[in-house]
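A short worksheet on the structure shown next.
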């Protein structure tokens, strides 16, 4: 009967404990056995040491209690339930242990089945893989850092094999060439190179392969997918394997057609990362939260002029202008608060030697492995040459705009002069006729003389206005500097007097003439006079301006001395700098001191300032004396003693009634036969029916003007055109000037009096 008793098979729990006994004594992993109610059935010694507990404190207790509700409910329970459902489960996560600390664990759950097929318990095997995880994380961070920097670069980074086929490149390469990553991988350099440059690129690769020496920059044409051709500045370095053998080439392609700058570059390994950065022409930097350098490339040293040892740990305030420090601080603070980078920010930097460079920079947050911002990094491009080119362009545009405005002023002055000179001719002419009479009472004669003096003064002002406006054409001519300054002072006399500014002008008697552009110099002198007057008025409400010309050796020196507030010593060296200004927008003539400096430089002259703060300033201009006369102006009639002229038949063509009447009256009194018309149509009728010894023709008339009428006379007969004498109130109009210069036709300037008219007519008829 005893032999007939069957042995009961072990239960799942018994089977689990049996396996447990064999494993627990040999494994260093954290082992535990949990039943369906999450109660610990057993744990090994490693488990006890990790939690710093005795076996009695764990076995028989809930795993929720031991692990903690937060860890158990959010992480462990779902995996245990999955195992209790019959599945093997594996996951990895961070855990905190009383003795081990924060550890990364590889967790495996194995189901133990009962005889009826149900899961009786869960066997948990927990393996510490923290060291492996940390190594993988360090490698991943290195990979991410390199890839992040490459992806942030605006320039293309490439690697090719010895045949010139692409084996690696960044996203910027795809953007620059217009190809997808799949299209570009394995593509040969010949596809993106113009036929003219293929041989040069091949020779470059071959040279590097033979010498092992890199070529840091050569320029070539790059063909994009759409067929457009761009200009690239390309660096090429040898690509070596672990044995040091050259297996290809790598480098950076900078698209100079769009003036794009490289933003970032890091390497796949720390050595590769540093090499790429050292190839950059732009400055790459990393600073801590206080703004101290923690990392930078060689270009940063070259840009600032410091050695690597001097620059390491240096704070940004050392190389940042004082007026820019607060702005940089706010930029870093904004990045720290928002986590968002800043791109294309203009800035200035101070080199070790004290000179400034203009730059454009980017700044990105620098994070640690936990994503916390621990500093800032970015790229700084030196744009000083670009800035200077832009400033030169701005000055040229400013001068062009000024020339355009002055041309408009010239045209306006020309028109005004013509309109004023017409009636003014009548006033002066008739006044002289009256003064020539013997029967005029003395009191009326005095009134007429007063009228004549006033009219002559107006005529003199018009001449100066015409001279001022006409000289704006960019032409150099022999010029009297004293007269140029006098003209400006006459035109500015009312403005200066109304601002309580007294002017003392001391012209040198022996001052020679010199060839200059009078219009440009007038603007320089006008600018200095207006600036001085404005500063004195703002400072004191009055002032004294002393202007002096001197002949020193082979130069002309002009000084403008005021008793205004003066110029601070620190600004004396900056006032001619194109980037420096103390004026509010919209004030002044629009011709800054930097442009004045440019004009005088073009004349091979110079300008500088001397000042004592609170006492005044003196601007000194020096010009070389040049006497070769290259001027081109209309010929003025030579004044000769007129010969006695017999009676002549004269036709007067002028649209102004008072001038027709005046000319007719004076010439008839001289014994001439005079006829007058006011338009071209009537003039043609008269010419066809009669022969005239002389034709007095107004240049500017409504309808067909004097110039066009003269050309029609030439078509009829050259001899007829030779009898024309022009009468004009504006010889400085460009069209009139060019016409009179070309034809060398005689002319009489309005306004004129009876004596001048008779003298000129007799002189012309005598020829």
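Numbering (this note's numbering), first residue to last: 1395 to 2161. We put the beta carbon where it would ideally sit given N, CA and C, even for glycine. A quick note: this is a predicted structure, and the numbers were derived from the prediction, not measured.
Enumerate in chain order the residues of its own chain whose CB-to-CB distance from residue 1899 is below 6 Å, with the five nearest sequence positions on each side excluded.
-> Residue mapping note: residue 1899 aligns to position 505 of the chain shown, counting from 1. 1941, listed in sequence order.
What whole-angstrom Cβ distance do residue 2118 and residue 2139 have, given they're in contact under 8 Å?
-> Walking along the chain shown from the start, residue 2118 turns up at place 724. Walking along the chain shown from the start, residue 2139 turns up at place 745. The distance from the Cβ of residue 2118 to that of residue 2139 is about 6 Å, consistent with a contact at the 8 Å cut-off.
Measuring CB to CB, does residue 1746 end up less than 9 Å from residue 1685?
-> Working through the chain shown from its first residue, we reach residue 1746 at position 352. Working through the chain shown from its first residue, we reach residue 1685 at position 291. Against a cut-off of 9 Å, the Cβ pair of residue 1685 and residue 1746 comes out as no contact.
Start and end residues, beta strand (DSSP E) containing residue 1434 = Taking the first residue of the chain shown as 1, we reach residue 1434 at position 40. Note, residue 1434: beta strand (DSSP E), 1434-1437.
Would DSSP call residue 2147 helix, strand or coil?
-> Indexing the chain shown from 1 puts residue 2147 at position 753. Residue 2147: coil per DSSP, three-state reduction.
Residue 1700 in three-state terms, based on DSSP = Position 306 of the chain shown, counted from the first residue, corresponds to residue 1700. The answer is coil: DSSP assigns residue 1700 none of H, G, I, E or B.
Report all residues from its chain with a CB closer than 7 Å to the CB of residue 1824; omit the five preceding and five following residues, and keep chain order.
-> The count along the chain shown starts at 1 and reaches residue 1824 at position 430. Excluding positions up to five away in sequence, the list reads 2056.
From 1958, 1846, 2116, residue whose alpha carbon lies closest to that of residue 2005 | Looking up residue 2005 in the chain shown gives position 611. The shortest Cα separation from residue 2005 among 1958, 1846, 2116 belongs to 1958.
Can the beta-carbon of residue 1517 be found closer than 9 Å to that of residue 1507?
-> Counting from one through the chain shown, the residue named residue 1517 turns up at place 123. Counting from one through the chain shown, the residue named residue 1507 turns up at place 113. In this structure, the beta-carbon distance from residue 1517 to residue 1507 does not fall below 9 Å.
Beta-carbon contacts of residue 1817 that lie in its chain and below 8 Å, excluding the five residues immediately before and after | Position 423 of the chain shown, counted from the start, is the residue given in the question as residue 1817. If we look at residue 1817 and ignore the five residues flanking it on each side, its Cβ neighbours are 2050, 2052.
For residue 1603, which of 1592, 1583, 1644 has the nearest alpha-carbon?
-> For the purposes of this step, residue 1603 is identified with residue 209 of the chain shown, where counting begins at 1. Comparing C-alpha distances from residue 1603 to each of 1592, 1583, 1644 shows the shortest one belongs to 1644.
Hey, how far is the Cα of residue 1657 from the Cα of residue 1629?
-> The residue labelled residue 1657 in the question sits at position 263 within the chain shown. The residue labelled residue 1629 in the question sits at position 235 within the chain shown. At residue 1657 the pLDDT is 30, less than 50, meaning the model places this residue with poor confidence and gives no usable figure here.
Candidates 1828, 1832, 1834: which alpha carbon is nearest residue 1846's?
-> Counting from 1 along the chain shown, the entry for residue 1846 is found at position 452. Ranking 1828, 1832, 1834 by Cα distance to residue 1846 puts 1828 first.
Return the first residue and the last residue of the alpha helix (DSSP H) that residue 1632 is part of.
-> Here residue 1632 refers to the residue found at position 238 when the chain shown is read from its first residue. Following the DSSP letters along the chain, one finds residue 1632 in no alpha helix (DSSP H) but inside the beta strand (DSSP E) bounded by residues 1623-1634.
Cβ neighbours of residue 1679 in the same chain (closer than 6 Å, five flanking residues each side left out) = As a first step, residue 1679 is located in the chain shown; it is residue number 285 there, counting from the start. So the qualifying residues of the chain are 1690, 1694.
4-residue-minimum alpha helix (DSSP H) runs that sit fully inside the region 1836-1920, ordered along the chain = Listed in chain order, the alpha helix (DSSP H) elements of length 4 or more contained wholly in the region 1836-1920 are 1836-1864, 1875-1892.
Roughly how many angstroms separate the alpha carbons of residue 1901 and residue 1944, rounded to a whole number?
-> Sequence index remark: in the chain shown, residue 1901 carries index 507 (1-based). Sequence index remark: in the chain shown, residue 1944 carries index 550 (1-based). Going by the C-alpha atoms only, they are around 7 Å apart.
Complete runs of the alpha helix (DSSP H) confined to the region 1423-1487 [at least 4 residues] | Listed in chain order, the complete alpha helix (DSSP H) runs (minimum 4 residues) inside the region 1423-1487 are 1439-1445, 1449-1452, 1457-1461, 1471-1478.
Proximity of residue 1930 and residue 1956 at Cβ, strictly below 9 Å = Looking up residue 1930 in the chain shown gives position 536. Looking up residue 1956 in the chain shown gives position 562. Yes; because the gap between Cβ atoms is below 9 Å, this pair is in contact.
C-beta atoms of residue 1743 and residue 1697 nearer than 9 Å = On the chain shown, position 349 is the one that residue 1743 refers to. On the chain shown, position 303 is the one that residue 1697 refers to. Yes, the pair counts as a contact, with Cβ atoms nearer than the cut-off.
Alpha helix (DSSP H) containing residue 1592: first to last residue?
-> In the chain shown, residue 1592 corresponds to position 198, counting from 1. Taken as a continuous stretch (DSSP letters only), the alpha helix (DSSP H) holding residue 1592 covers 1589-1605.
Check whether the Cβ of residue 1471 sits closer than 8 Å to any heavy atom of the ligand ATP, and report yes or no.
-> Within the structure as shown, the ligand ATP is missing, as the structure has no ligands at all.
So, do the region 1568-1580 and the region 1592-1609 have three or more beta carbon pairs nearer to each other than 8 Å?
-> No, the region 1568-1580 is not in contact with the region 1592-1609.
Work out the CA separation of residue 1897 and residue 2071 for me, nearest whole Å.
-> Looking up residue 2071 in the chain shown gives position 677. Looking up residue 1897 in the chain shown gives position 503. Taking the straight line joining both Cα atoms gives about 49 Å.
Under 8 Å by Cβ, that's how I've got residue 1927 and residue 1965 pegged, so tell me the actual separation to the nearest angstrom.
-> Taking the first residue of the chain shown as position 1, residue 1927 is located at position 533. Taking the first residue of the chain shown as position 1, residue 1965 is located at position 571. Taking a contact as a CB-CB distance under 8 Å, the pair residue 1927 and residue 1965 does not count as one, their CB atoms being some 20 Å apart.
Locate the alpha helix (DSSP H) running through residue 2058, then write down its first and last residues.
-> Within the chain shown, the letter at position 664 stands for residue 2058. Going by DSSP, residue 2058 is part of the alpha helix (DSSP H) stretching over 2051-2063.
Report yes if the CB atom of residue 1626 is closer than 9 Å to the CB atom of residue 1642, and no otherwise.
-> Counting from 1 along the chain shown, the entry for residue 1626 is found at position 232. Counting from 1 along the chain shown, the entry for residue 1642 is found at position 248. No, these two residues do not count as a Cβ contact at 9 Å.
DSSP state of residue 1968, grouped into three classes?
-> For this step, residue 1968 is matched to residue 574 along the chain shown. Coil, per DSSP.
Candidates 1470, 1427, 2141, 1463: which alpha carbon is nearest residue 1449's?
-> As a first step, residue 1449 is located in the chain shown; it is residue number 55 there, counting from the start. If we check each option's Cα against that of residue 1449, 1427 comes out closest.
Host beta strand (DSSP E) of residue 1737 (start-end) | What you label residue 1737 is simply residue 343 of the chain shown in a count that begins at 1. For residue 1737, the enclosing beta strand (DSSP E) covers residues 1736-1744.
Given 8 Å, three or more beta-carbon pairs between the region 1492-1501 and the region 1519-1528 | Contact annotation: the region 1492-1501 touches the region 1519-1528, with at least three C-beta pairs closer than 8 Å.
Expected contact under 8 Å - CB spacing of residue 1772 and residue 1755 to nearest Å | Within the chain shown, the letter at position 378 stands for residue 1772. Within the chain shown, the letter at position 361 stands for residue 1755. Sure, about 6 Å apart at Cβ, within 8 Å.
Separation of residue 2044 from residue 2152, as counted between CA atoms | Position 758 of the chain shown, counted from the start, is the residue given in the question as residue 2152. Position 650 of the chain shown, counted from the start, is the residue given in the question as residue 2044. Looking at the two C-alpha atoms, the distance is approximately 13 Å.
Please classify residue 1556: does DSSP put it in a helix, a strand, or coil?
-> As a working mapping, residue 1556 is identified with position 162 in the chain shown. The answer is coil: DSSP assigns residue 1556 none of H, G, I, E or B.
Cβ contact (3+ pairs, closer than 8 Å) linking the region 1839-1853 and the region 2085-2103 | Three or more beta-carbon pairs separated by less than 8 Å are not found between the region 1839-1853 and the region 2085-2103, which leaves the two stretches without contact.
Can you say whether residue 1915 is buried or exposed, counting buried as having 16 or more other CB atoms within 10 angstroms of its CB?
-> Looking up residue 1915 in the chain shown gives position 521. So residue 1915 ends up on the buried side.
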